[in-house]
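Trainee: Protein chains in written order, with this note's numbering: chain A, -5 to 226; chain B, 75 to 226.
The C-beta atom is built at its ideal place from N, Cα and C for all residues, glycine as well.
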């Protein structure tokens, strides 16, 4: 089974062509100067070319669904939907935090993926890796680092943190005595997105049904929580 | 830091020096009621950034982009509606407020929950003694910025 995998949920952008047994090609860019809108399609073409494959050779398209950057998620989704529509393929939506956790292969480990969100918040979750599978222990959420660290401590005393959130909160994590993943693992990678997608074939949906998941409460709920009504 | 302005030219001069001290990525939130002089301030600000184009109120367009020494994004949140934050997100808030340009946001309270922690607040108020063209301009710089700035 061939998968074309892509991710644009964070600062980096990544694509890969893979099967159950091999990663045929993978591209990754984390160059802040270029926008995802400019680079994603280029990396998709590059991944297919390098794999000696065409879009038609793919069985599924795998794309991160969220959480992540509003713009990045939309670019990823729009691209995946366009490709799916054009080739009549289905999309396997892959949660970004699970894909990030999948970068870490330590069995029996608690893995805490954290992505930078704005205003000192993180998108984060907690997983336990058991026999090569990820079991979700804490649901995807948007919160302060402190709140997340507290929730994690209720489940484990030695989590491994992974993700670009480490760039901002690395010191906090280490001072808690927790581990951080090596630098090369700390971004979503299309090979992990695609590998996880292969275990989620039953979740495949049409391009028309695929939508990003932003992980923000609706405005009215946020107003209620902030104690604000409509400002005017 | 509080400044007294006795006319539009004063307001523009204050704005101009603030702009000249701007670094890429800086966001300014502009507070003041109708007629306070927010757009006058914006004109002076644009001049300080080396913008040659005429700056007009973005009330109807919501966002206007200019190129000076730095990209200048002049934003007016007034017409964003009930879900102002969601609208602003959809319009490119991440690129504007976390990019390499300078943002000036009028009617900032409507998008209060999205303002980066490092934003500078500029409040333009009528003169305490009610002198017609006089304004008090208060500029507040935050103690710290955010842990991360770039999001992709």
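When the cut-off is 9 Å and only beta carbons count, does residue 221 (chain B) lie next to chain A?
Mentor: Position 147 of the second chain, counted from the first residue, corresponds to residue 221 (chain B). Yes, contact with chain A.
Trainee: Cβ closer than 8 Å: which chain A residues qualify as neighbours of residue 190 (chain B)?
Mentor: If you number the second chain from 1, residue 190 (chain B) lands on position 116. Result: 112 and 113.
Trainee: Starting from residue 55 (chain A), trace the alpha helix (DSSP H) in both directions and tell me its first and last residue.
Mentor: Along the first chain, one-based indexing puts residue 55 (chain A) at 61. From DSSP, residue 55 (chain A) is part of no alpha helix (DSSP H) but of the beta strand (DSSP E) over 54 to 60.
Trainee: What is the residue span of the alpha helix (DSSP H) that residue 150 (chain B) lies within?
Mentor: By one-based count along the second chain, residue 150 (chain B) stands at place 76. It is not in any alpha helix (DSSP H) - residue 150 (chain B) instead sits in the beta strand (DSSP E) that spans 145 to 150.
Trainee: Identify the contact partners of residue 163 (chain B) in chain A, using a Cβ-Cβ distance below 7 Å as the criterion.
Mentor: Working through the second chain from its first residue, we reach residue 163 (chain B) at position 89. Within chain A, the residues near residue 163 (chain B) are 64.
Trainee: Kindly indicate which residue of A:180, A:-2, A:210 and A:179 has the alpha-carbon position closest to the one of residue 88 (chain A).
Mentor: Locating residue 88 (chain A) in the first chain gives position 94, where the first residue counts as 1. Nearest C-alpha to residue 88 (chain A): A:-2.
Trainee: Kindly confirm or deny that the stretch 62 to 72 of chain A and the stretch -1 to 11 of chain A touch, where touching means at least three C-beta pairs closer than 8 Å.
Mentor: Touching, per the Cβ criterion.
Trainee: Output needed for residue 89 (chain B): all residues of its chain with C-beta closer than 6 Å, excluding positions within five of it in sequence on either side, in chain order.
Mentor: Numbered from its first residue, the second chain carries residue 89 (chain B) at position 15. The answer, listed in chain order, is 115, 118 and 119.
Trainee: For a cutoff of 9 Å on Cβ pairs, would you count residue 226 (chain A) as touching chain B?
Mentor: Walking along the first chain from the start, residue 226 (chain A) turns up at place 232. At residue 226 (chain A) the pLDDT is 40, less than 50, meaning the model places this residue with poor confidence; the figure from the coordinates comes in the next sentence. Yes - at least one Cβ of chain B is within 9 Å of the one on residue 226 (chain A).
Trainee: Give a yes or no on whether the C-beta atoms belonging to residue 220 (chain B) and residue 106 (chain B) are separated by under 9 Å.
Mentor: For the purposes of this step, residue 220 (chain B) is taken as the residue at position 146 of the second chain. For the purposes of this step, residue 106 (chain B) is taken as the residue at position 32 of the second chain. No, the pair does not count as a contact, with Cβ atoms beyond the cut-off.
Trainee: Where do the N-terminal and C-terminal ends of the alpha helix (DSSP H) with residue 113 (chain B) fall, by residue?
Mentor: In the second chain, residue 113 (chain B) corresponds to position 39, counting from 1. Looking at the DSSP string, the run of the alpha helix (DSSP H) that includes residue 113 (chain B) is 112 to 122.
Trainee: Just reading off the beta strand (DSSP E) that residue 161 (chain B) is part of, what are its end residues?
Mentor: Position 87 of the second chain, counted from the start, is the residue given in the question as residue 161 (chain B). Counting along the chain, residue 161 (chain B) falls outside any beta strand (DSSP E), though it belongs to the alpha helix (DSSP H) covering 158 to 164.
Trainee: Quick check on residue 141 (chain B): does DSSP put it in helix, strand or coil?
Mentor: Taking the second chain and counting its residues from 1, the one referred to as residue 141 (chain B) is at position 67. Looking at residue 141 (chain B) - three-state DSSP - the assignment turns out to be strand.
Trainee: Exposed or buried, residue 100 (chain B), counting other C-beta atoms within 10 Å across all chains shown (16 or more means buried)?
Mentor: Reading the second chain from its first residue, position 26 is the one you call residue 100 (chain B). Buried is the call here.
Trainee: Give the C-beta separation of residue 78 (chain A) and residue 188 (chain A) to the nearest angstrom, bearing in mind that I take them to be a contact with Cβ-Cβ under 8 Å.
Mentor: Sequence index remark: in the first chain, residue 78 (chain A) carries index 84 (1-based). Sequence index remark: in the first chain, residue 188 (chain A) carries index 194 (1-based). 15 Å between Cβ atoms; not a contact.
Trainee: In the DSSP assignment, find the unbroken alpha helix (DSSP H) run with residue 125 (chain B) in it and report its ends.
Mentor: Walking along the second chain from the start, residue 125 (chain B) turns up at place 51. From DSSP, residue 125 (chain B) is part of no alpha helix (DSSP H); its letter is neither H nor E.
Trainee: In three-state terms, what does DSSP make of residue 75 (chain B)?
Mentor: As a first step, residue 75 (chain B) is located in the second chain; it is residue number 1 there, counting from the start. Coil, per DSSP.
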